[in-house]
Amino acid sequence: MMPVRVGILGFGAIGRSVVDSLLEHKEEFHLVGFSDVEQVDSTPIPQMPVEEMIHASDIVVEVASHAAVREYAVQIIESGTDLLIVSVGALADRSLEEKLLDAGPGNLIICTGALGGIDYIQAAKLLGRIDDISLTSIKKPGVLSQPWMKDSMQEKLAAGDERVVVFEGNAREAAEAFPKSSNVSATLALTVGSWDTVKVRVVGDPEAKQTKHQIHLSGEVGESTFEVNSLPSIINPATSSVVPYSVVKALRTAHGSGYKIM
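Quick note on this note's numbering: the sequence shown kicks off at -14 and runs consecutively.
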């Protein structure tokens, strides 16, 4: 079986980690190159224009930003190339989500990132009604600061000496409030088919040595609680260290050889 041709959209901290991980699996994946808004020197794979990368790839992995998803996602899928996205919060934009659902012949694949339990929640949704689903995300205060926050909140987060609730709302509001770190809540919303149903709480905790995601679900399936504690990335503390490997797992499930656990 020929290796799957993979293009990388974005070459920041996550993009570099994804490339390093995929280079360990050359028998399965051939990295054709990457595209980035900035010129990058000394890279293990070639940098190329977006259009060239799209047409050279069987699948493009987006590890860039919401803006990159808005600009290129429809183009990639309409070219017939599959697209795996990490910046899932971009789909909180209703018009973009609708365009991507209608686009083809390429496929849109959602990377679950730092989130566990998605297979169970998908099955629960098929079983019947979901009455309540909530997500509490707990991180170090310093990585949660956003321009829209009041000065008093910014000061609390900068001081990092007290536990503080920085956000409460639904998944769509969370995606708008935290565009670089809302992918877990966005993935939950897409899984249950409703951005408004998922209740999100974001907490800054100076005692948090790991990034914690607590999910509570109740409905016809019964009642379930999941908790994931992930070490933050050394390169980018706002994201979990497991995210690049979640990309590799998603690629293997979508295009890899051998048995598939789904």
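Don't be surprised by glycine CBs; every beta carbon is placed ideally from N, CA and C. Just so we're clear, the structure is a prediction, and the values are computed from it rather than from any experiment.
Between which two residues does the beta strand (DSSP E) carrying S27 extend?
No beta strand (DSSP E) holds S27; DSSP gives it neither H nor E.
Taking the alpha-carbon positions, what's the E36 to G145 distance?
44 angstroms
Per-residue burial, D181 [other beta carbons within 10 Å of its own, 16 or more giving buried]
exposed
Which partner residues of N214 appear in the DSSP bridge assignment?
K197
Could you check if H198 is buried or exposed, using at least 16 other CB atoms within 10 Å of its CB as the buried criterion?
buried
Provide the residue span of the alpha helix (DSSP H) that contains N168, from first to last.
N168 to V177
Using the Cα positions of T210 and L202, report the straight-line distance between them to the nearest angstrom.
6 angstroms
Nearest by alpha-carbon distance to Y57: which of D21, S27 and R157 is it?
D21
What would DSSP say about L202, mapped onto helix, strand or coil?
strand
Since R237 sits in a beta bridge, which residues does DSSP pair it with?
For R237, which the question treats as bridged, DSSP gives no partner whatsoever.
Can you round the beta-carbon distance between L100 and V169 to whole angstroms, since I take them to be within the 8 angstroms contact cut?
5 angstroms
Quick one: Cα of M138 to Cα of E9, how far?
43 angstroms
So the candidates are I219, P34 and K135; which of them puts its Cα closest to the Cα of Q24?
P34
Cβ shell of V150 (< 6 angstroms), same chain only, five flanking positions each side left out:
V188
So who's on the other strand from V73, going by DSSP bridges?
DSSP output for V73 lists no bridge partner at all.
Between which two residues does the alpha helix (DSSP H) holding D117 run?
No alpha helix (DSSP H) contains D117, which is instead part of the beta strand (DSSP E) from I115 to K124.
S137 (DSSP reduced to helix, strand or coil):
helix
Between the Cα of A108 and those of V(-9), M(-13) and G207, spot the shortest distance and give me the residue it belongs to.
G207
Pull up the distance between the alpha-carbon of A52 and that of A174, whole angstroms please.
20 angstroms
Give me the Cα-Cα distance between S50 and I94, rounded to the nearest whole angstrom.
16 angstroms
Residues bridged to L80 [DSSP beta-bridge criterion]
Sequence check: residue 80 is Ser here, not Leu. Answer by DSSP bridge pairing: none, since S80 is not bridged.
8 angstroms Cβ shell around I219 - same chain, five flanking residues per side excluded
S226
Please identify the residue among T238, S122 and L16 whose C-alpha is closest to the C-alpha of V183.
S122
Mapping DSSP to helix, strand and coil, what is S130?
coil
To which residues of the same chain is S2 closer than 6 angstroms at the C-beta, ignoring the five residues directly before and after it?
P229
Per-residue DSSP class, three states only, for E153:
strand
Residues sharing a beta bridge with R(-10), DSSP:
H15
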